[in-house]
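Those letters in the sequence shown? Residues 3 to 289, per our numbering, in order.
Even glycine gets a Cβ: it sits at the ideal position worked out from N, Cα and C.
First the structure, in the form of structure tokens, and then the observations on it.
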Amino acid sequence: MDALSAQPAWALALAGVGLLVAARASARLAMWLYAAFLRPGKPLRRRYGEWAVVTGATDGIGRAMAFRFAAAGLHLVLVGRSPDKLAAVSKEIRAKHPRAEVRTFVLDFAAEGLAAKVDALRDSIRGLDVGVLVNSAGMSYPYARYFHEVDEELMRNLIRLNVEALTRVTHAVLPGMVERKRGAIVNIGSGASTILPSYPLYSVYAATKAYVDQFSRCLAVEYKNKGIDVQCQVPNIYYSWRFMRSPDCFLLPAVQLYIARSHCCYLYFSAYGVKDFIGNVVGQLVT
Numbered sequence: 003m004d005a006l007s008a009q010p011a012w013a014l015a016l017a018g019v020g021l022l023v024a025a026r027a028s029a030r031l032a033m034w035l036y037a038a039f040l041r042p043g044k045p046l047r048r049r050y051g052e053w054a055v056v057t058g059a060t061d062g063i064g065r066a067m068a069f070r071f072a073a074a075g076l077h078l079v080l081v082g083r084s085p086d087k088l089a090a091v092s093k094e095i096r097a098k099h100p101r102a103e104v105r106t107f108v109l110d111f112a113a114e115g116l117a118a119k120v121d122a123l124r125d126s127i128r129g130l131d132v133g134v135l136v137n138s139a140g141m142s143y144p145y146a147r148y149f150h151e152v153d154e155e156l157m158r159n160l161i162r163l164n165v166e167a168l169t170r171v172t173h174a175v176l177p178g179m180v181e182r183k184r185g186a187i188v189n190i191g192s193g194a195s196t197i198l199p200s201y202p203l204y205s206v207y208a209a210t211k212a213y214v215d216q217f218s219r220c221l222a223v224e225y226k227n228k229g230i231d232v233q234c235q236v237p238n239i240y241y242s243w244r245f246m247r248s249p250d251c252f253l254l255p256a257v258q259l260y261i262a263r264s265h266c267c268y269l270y271f272s273a274y275g276v277k278d279f280i281g282n283v284v285g286q287l288v289t
């Protein structure tokens, strides 16, 4: 106490401010750690609804999420371009989760006439209690290339599949969620647009995923008070059939492990993650 009383008033004032800033940062860290690692997931069926619509459901993240949703007690509408793959995934899910009702809808998002096809999807789910939408369908470059080397067909398909299709499907499913005053939308973005400072040689792909991120952020604010949660998952590279087997593949997380460890199937809907948390805390400390 004598040491404190000997300090000038300005030093005590600065120390008090420092303690307040440190306490605030510590509280934010504790809240983030709880949300990221300790808070239990929401009961999806009771919180959002009985059905989940999953695009890109025959491979990768979409397929893995479909299995997780079925395990959580949700019925499924699987959307993909291959009837054979849809039938195979549907059969596998039914065998593993007999209580899950599984419907399929064939839709090639890269083909012409996208608007009419999404309208048909809207009609097919009318009357269903769709509580969860997962926009997982997407594409990237077959290999790295400079922007001037990107051909017209690839550029068109990237924008149509990664941007237009996601937007139209969300627009088709969202009104039912608004009417029921509950729902969850999970958009699959990419670390190429939010974590990395740039993604050269994949510029159009990265730009389309930046759209997904900003679109998700805006919807999250727009529909926060309507009982609808919106989340953008931003994976980096994961191991799936799209990646060739190589000595380096052990460095890549398998898609099943990614889904198990990510928040998307538990729908915590915390902040956008470590990057935003660190940025916010550092910003508060230096300003």
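| Distance, V223 Cα to W12 Cα | Residue 12 sits at position 10 when you count from the first residue of the sequence shown. Residue 223 sits at position 221 when you count from the first residue of the sequence shown. Going by the C-alpha atoms only, they are around 41 Å apart.
| DSSP-derived helix/strand/coil call for H99 | Your numbering for residue 99 matches position 97 in the sequence shown. H99: coil per DSSP, three-state reduction.
| request: Please go through the segment 21–95 and give each complete alpha helix (DSSP H) segment of 4 or more residues, from N-terminal end onward. | output: 46–49 and 62–73
| query | Over what stretch of residues does the alpha helix (DSSP H) that includes I161 continue unbroken? | reply | What you label residue 161 is simply residue 159 of the sequence shown in a count that begins at 1. E154 to I161 is the extent of the alpha helix (DSSP H) around I161.
| From F107 to G193, what distance separates their C-alpha atoms? | Residue 107 sits at position 105 when you count from the first residue of the sequence shown. Residue 193 sits at position 191 when you count from the first residue of the sequence shown. Whole-angstrom Cα-Cα distance: 29 Å.
| task | Give a yes or no on whether the C-beta atoms belonging to I187 and V232 are separated by under 9 Å. | result | Counting from one through the sequence shown, the residue named residue 187 turns up at place 185. Counting from one through the sequence shown, the residue named residue 232 turns up at place 230. Their beta carbons are under 9 Å apart, which means I187 touches V232 by this criterion.
| query | Going straight from the alpha carbon of V206 to that of A15, what length do you get? | reply | In the sequence shown, residue 206 corresponds to position 204, counting from 1. In the sequence shown, residue 15 corresponds to position 13, counting from 1. Approximately 52 Å between the Cα atoms of the pair.
| query | Alpha carbon to alpha carbon, what distance is there between S200 and R105? | reply | In the sequence shown, the residue the question calls residue 105 occupies position 103. In the sequence shown, the residue the question calls residue 200 occupies position 198. Rounded to whole angstroms, R105 to S200 spans 39 Å at the Cα level.
| said: Which same chain residues end up closer than 6 Å to V134 when comparing Cβ atoms and leaving out the 5 residues on each side of it in sequence? | reply: Taking the sequence shown and counting its residues from 1, one reaches residue 134 at position 132. Same-chain partners within the cutoff: Y50, A54 and A186.
| query | For L160, which option in V175, A174 and A139 has the closest C-alpha, if you only look at C-alpha atoms? | reply | Locating residue 160 in the sequence shown gives position 158, counting from the first residue. That would be A139, whose Cα lies nearest to the Cα of L160.
| Element boundaries [beta strand (DSSP E), containing V104] | Here residue 104 is taken as the residue at index 102 of the sequence shown, counted from 1. Taken as a continuous stretch (DSSP letters only), the beta strand (DSSP E) holding V104 covers V104 to V108.
| query | In angstroms, rounded to a whole number, what distance separates the CA positions of R30 and R41? | reply | As a position in the sequence shown, residue 30 is number 28, starting the count at 1. As a position in the sequence shown, residue 41 is number 39, starting the count at 1. Approximately 15 Å between the Cα atoms of the pair.
| query | Considering V120, what are the terminal residues of the alpha helix (DSSP H) in which it resides? | reply | Start at 1 with the first residue of the sequence shown, and residue 120 comes out as number 118. Unbroken alpha helix (DSSP H) run through V120: L116 to I127.
| said: I need the straight-line Cα distance from T210 to P177, nearest angstrom please. | reply: Against the sequence shown, residue 210 aligns to sequence position 208. Against the sequence shown, residue 177 aligns to sequence position 175. Rounded to whole angstroms, T210 to P177 spans 24 Å at the Cα level.
| Who pairs with C234 in a beta bridge, going by DSSP? | Here residue 234 corresponds to residue number 232 of the sequence shown, with the count starting at 1. Partner(s): N189.
| Backbone CA spacing between L116 and L109 [nearest angstrom] | On the sequence shown, residue 116 is found 114 positions in, with the first residue counted as 1. On the sequence shown, residue 109 is found 107 positions in, with the first residue counted as 1. Each residue's alpha carbon lies about 9 Å from the other.
| field | Distance cut-off 8 Å: R124 Cβ against heavy atoms of the ligand NAP | value | Summarising the ligand content, the structure contains no ligands, and the ligand NAP is consequently not present.
| said: Please report the straight-line C-alpha distance between D125 and V132, rounded to a whole angstrom. | reply: Here residue 125 refers to the residue found at position 123 when the sequence shown is read from its first residue. Here residue 132 refers to the residue found at position 130 when the sequence shown is read from its first residue. Cα to Cα, the separation comes out at about 13 Å.
| With 16 as the cutoff for other CB atoms within 10 Å, does S92 come out buried or exposed? | Within the sequence shown, residue 92 is the residue found at index 90, counting from 1. When all chains shown are included, S92 counts as buried.
| field | Endpoints, alpha helix (DSSP H) assigned at V223 | value | Translated into the one-based positions of the sequence shown, residue 223 becomes position 221. Looking at the DSSP string, the run of the alpha helix (DSSP H) that includes V223 is S205 to E224.
| What span of residues does the beta strand (DSSP E) with V132 cover, start to end? | Translated into positions along the sequence shown, residue 132 becomes position 130. Taken as a continuous stretch (DSSP letters only), the beta strand (DSSP E) holding V132 covers V132 to N137.
| query | Are there 16 or more other CB atoms within 10 angstroms of the CB of R48, so buried, or fewer, so exposed? | reply | Position 46 of the sequence shown holds residue 48. By the 10 Å Cβ count, R48 comes out exposed.
| query | From L123 to A74, what does the alpha carbon distance come to, in whole angstroms? | reply | By 1-based counting over the sequence shown, the position of residue 123 is 121. By 1-based counting over the sequence shown, the position of residue 74 is 72. Approximately 24 Å between the Cα atoms of the pair.
| said: Please state the DSSP three-state secondary structure of M141. | reply: Here residue 141 refers to the residue found at position 139 when the sequence shown is read from its first residue. The answer is coil: DSSP assigns M141 none of H, G, I, E or B.
| On the three-state DSSP scale, how would you describe P10? | Residue mapping note: residue 10 aligns to position 8 of the sequence shown, counting from 1. Reduced to three states, the DSSP call for P10 is coil.
| said: Quick check: what's the CA-CA separation for L221 versus M141? | reply: Looking up residue 221 in the sequence shown gives position 219. Looking up residue 141 in the sequence shown gives position 139. Roughly 23 Å between the two C-alpha positions.
| task | Quick one: using the 10 Å Cβ neighbour count with 16 as the cut-off for buried, is V214 buried or exposed? | result | Counting from one through the sequence shown, the residue named residue 214 turns up at place 212. Result: buried.
| task | May I ask which residues mark the beginning and end of the alpha helix (DSSP H) holding G178? | result | Counting from one through the sequence shown, the residue named residue 178 turns up at place 176. G178 -> alpha helix (DSSP H) spans L168 to R182.
| Residue from F71, F111, D121 and V120 whose Cα sits closest to the Cα of H99 | Position 97 of the sequence shown holds residue 99. Ranking the options by Cα distance to H99, first place goes to F71.
| field | Same chain, Cβ closer than 7 Å to A112, neighbours up to 5 away in sequence not counted | value | In the sequence shown, the residue the question calls residue 112 occupies position 110. Cβ neighbours of A112 beyond the five flanking positions: N159, R162 and L163.
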